[in-house]
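As numbered in my numbering, residues 152 to 455 make up the sequence shown, in order. Okay, so here's the structure we're looking at.
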Amino acid sequence: MNKYDIIIVGGGPGGLTAGIYAGRQGTKNLIIDKDLAGGIGREVPEMENYPGYESISGLKLVEIMKTQAEKNIEIHEFENVESIEKINENGYNFILKTNKNEYFTKTVILATGSSHSHLNVTGEEEYLGKGVSYCATCDGLFFQDQNIIMVGGGNSALQEAIYLNNLGCNVTIIHRRDEFRAQKHLQDIIKNENINVIYNATIEEIKGNMLVESVIIKDTKTNQTKEIPTNGVFISIGYKPHNKLAQQLNVDLNETGHIIVDKEQKTNIEYVYAIGDVCVGLKQWVVACGEGAIAATSAYQDLN
Ligand code: NAP
């Protein structure tokens with residue numbers, strides 16, 4: 152019978168932690184992930200701020216978490232939750248329809264995460280996989296000893312620029328302002344490693360012939376444009392929350408589309424909780440994991 156007490160939609164760090172906690176509560180629980188569990192957490196090249204590990208890659212930590220979660224909860228990967236509907240049927244409050252099945256559940260934890268924002272410039276889509284990438288850890292090796300551009304000025308962009316520089320790529324960071332928003336620690340490494348930075352510049356177009364060959368950049372102060380040859384363009388300009396299921400349930404969102412939750416990870420809809428990058432708040436692994444523990448506990452308490 153496809154009937155559960157807690158269904159967690161999304162198997163990133165937050166979802167896996169919620170699964171570990173839910174599993175140990177003795178309720179009947181399930182994690183459903185549209186891809187491989189781990190989400191975009193798999194792409195983090197190196198983390199130095201997850202307690203217990205001085206340095207660990209996102210991929211490695213996800214694998215450890217997943218192995219631990221599997222001991223506690225059923226996980227369905229490559230299954231996409233297409234809809235969630237509120238019902239009132241023999242104690243079950245929601246029906247989830249996936250591309251494979253239908254599930255009844257008493258509570259739902261939305262851990263649906265986010266996906267890479269796009270620049271929306273000419274050539275970005277055309278050259279995706281042909282020089283344009285949103286994932287340094289996935290594609291960096293193809294660009295060893297080549298010139299690449301990293302777009303963005305946040306923690307992700309700088310972390311990935313450092314990773315690509317360490318791989319042997321010749322990195323130039325292009326940032327639209329005159330200062331980074333990334334942590335000082337990362338800015339110091341960029342300086343110490345002499346990684347080239349072009350401030351006050353935006354990418355106007357990505358050009359090529361089968362593969363990326365150059366970008367047109369615009370100086371935001373003078374409005375002058377110029378063409379820079381490059382073999383690759385890595386784009387790391389933030390994330391968009393996956394809030395489609397939240398919207399189906401009429402869950403309250405803020406102005407950027409992130410789910411609003413209280414301190415118990417409860418949304419405005421009874422028996423719906425949300426955690427991790429889809430929520431308002433600090434985007435950190437350790438935060439998503441903490442929220443997962445809280446949400447699983449809240450759901451359990453609300454069921455009893
Ligand atoms: P982010 O912090 O939102 O930074 C996005 C960067 O891209 C900003 O520098 C922004 O410029 C730039 N940008 C946005 N739209 C742009 C556009 N259309 N064209 C050009 N540039 C654009 O995103 P993130 O670095 O991916 O990080 C996401 C979250 O994860 C953050 O909360 C971050 O702190 C967290 N994170 C933490 C760590 C860590 O703790 N080590 C590592 C990775 C990520 P402006 O600065 O001008 O707005």
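Glycine is no exception: its CB is placed at the ideal position from the N, C-alpha and C atoms. A quick note: this is a predicted structure, and the numbers were derived from the prediction, not measured.
Applying the criterion that 16 or more other CB atoms from any shown protein chain within 10 Å of the CB defines a buried residue, is residue 296 buried or exposed?
-> Residue 296 sits at position 145 when you count from the first residue of the sequence shown. It is exposed - the Cβ of residue 296 has fewer than 16 other Cβ atoms within 10 Å.
Residue 231 versus residue 345: straight-line alpha-carbon distance, rounded | Within the sequence shown, the letter at position 80 stands for residue 231. Within the sequence shown, the letter at position 194 stands for residue 345. One C-alpha to the other measures close to 44 Å.
Beta-carbon separation (whole angstroms), residue 440 vs residue 164, contact threshold 8 Å = By one-based count along the sequence shown, residue 440 stands at place 289. By one-based count along the sequence shown, residue 164 stands at place 13. Their Cβ separation, rounded to whole angstroms, is 5 Å, which keeps residue 440 and residue 164 in contact under 8 Å.
Check whether the Cβ of residue 165 lies closer than 7 Å to any heavy atom of the ligand NAP, and answer yes or no.
-> For this step, residue 165 is matched to residue 14 along the sequence shown. It does not: the Cβ of residue 165 is nowhere closer than 7 Å to a heavy atom of the ligand NAP.
Please name the residue, chosen from 325, 280, 217 and 401, that lies closest to residue 361 on a Cα-to-Cα basis.
-> As a working note, residue 361 is residue 210 in the sequence shown. The shortest Cα separation from residue 361 among 325, 280, 217 and 401 belongs to 280.
What residues are listed by DSSP as bridge partners for residue 443?
-> Your numbering for residue 443 matches position 292 in the sequence shown. Residue 443 is not bridged to any residue.
Using the beta-carbon of each residue, find all residues closer than 5 Å to any heavy atom of the ligand NAP and list them in chain order.
-> 303, 304, 305, 306, 307, 327, 328, 332, 388, 389 and 434
In this structure, what does DSSP give as the bridge partners for residue 359?
-> Along the sequence shown, read from residue 1 onward, the residue named residue 359 stands at position 208. Answer is 363, bridged to residue 359.
Return yes when the Cβ of residue 380 is within less than 8 Å of the Cβ of residue 355, no when it is not.
-> Residue numbering aside, residue 355 sits at position 204 when the sequence shown is read from its first letter. Residue numbering aside, residue 380 sits at position 229 when the sequence shown is read from its first letter. Contact: no.
In terms of alpha-carbon separation, which member of 416, 316, 267 and 302 lies closest to residue 385?
-> Start at 1 with the first residue of the sequence shown, and residue 385 comes out as number 234. The residue with the shortest Cα to Cα distance from residue 385 is 302.
Out of 180, 383, 207 and 387, state which residue places its alpha-carbon closest to the alpha-carbon of residue 322.
-> Your numbering for residue 322 matches position 171 in the sequence shown. Of 180, 383, 207 and 387, the residue nearest in Cα terms is 383.
Separation of residue 243 from residue 199, as counted between CA atoms | To locate residue 199, count along the sequence shown from 1; it is residue 48. To locate residue 243, count along the sequence shown from 1; it is residue 92. Near 42 Å, if we compare the C-alpha coordinates of residue 243 and residue 199.
Please work out which residues of its chain come closer than 8 Å, Cβ to Cβ, to residue 206, disregarding the five sequence neighbours upstream and downstream, and give them in chain order.
-> The residue you call residue 206 lines up with position 55 of the sequence shown. Contacts found: 197, 198 and 199.
Residue 234 classed as buried or exposed, judged by whether at least 16 other C-beta atoms fall within 10 angstroms | The residue you call residue 234 lines up with position 83 of the sequence shown. The residue in question, residue 234, is exposed, as its Cβ has fewer than 16 Cβ neighbours within 10 Å.
Use the C-beta contact count for residue 452: other C-beta atoms within 10 angstroms, 16 or more gives buried, fewer gives exposed.
-> One-based indexing of the sequence shown puts residue 452 at position 301. Exposed, since its Cβ has fewer than 16 Cβ neighbours within 10 Å.
Would you mind sorting residue 116 into buried or exposed? The rule is 16 or more other CB atoms within 10 Å of its CB.
-> A question about residue 116 goes unanswered here, because the residues of the chain that appear run from 152 up to 455.
Start-end ranges of the alpha helix (DSSP H) lying completely within the segment 243 to 270, minimum 4 residues | none
If you draw a straight line from the alpha carbon of residue 366 to that of residue 357, how long is it in whole angstroms?
-> On the sequence shown, residue 366 is found 215 positions in, with the first residue counted as 1. On the sequence shown, residue 357 is found 206 positions in, with the first residue counted as 1. Answer to the nearest angstrom: the Cα atoms are 5 Å apart.
Please determine, among 390, 314 and 418, the residue with the shortest C-alpha to C-alpha distance to residue 401.
-> Position 250 of the sequence shown, counting from 1, holds the residue named residue 401. If we check each option's Cα against that of residue 401, 418 comes out closest.
In whole angstroms, what separates the C-alpha of residue 210 from that of residue 190?
-> Taking the sequence shown and counting its residues from 1, one reaches residue 210 at position 59. Taking the sequence shown and counting its residues from 1, one reaches residue 190 at position 39. Answer to the nearest angstrom: the Cα atoms are 10 Å apart.
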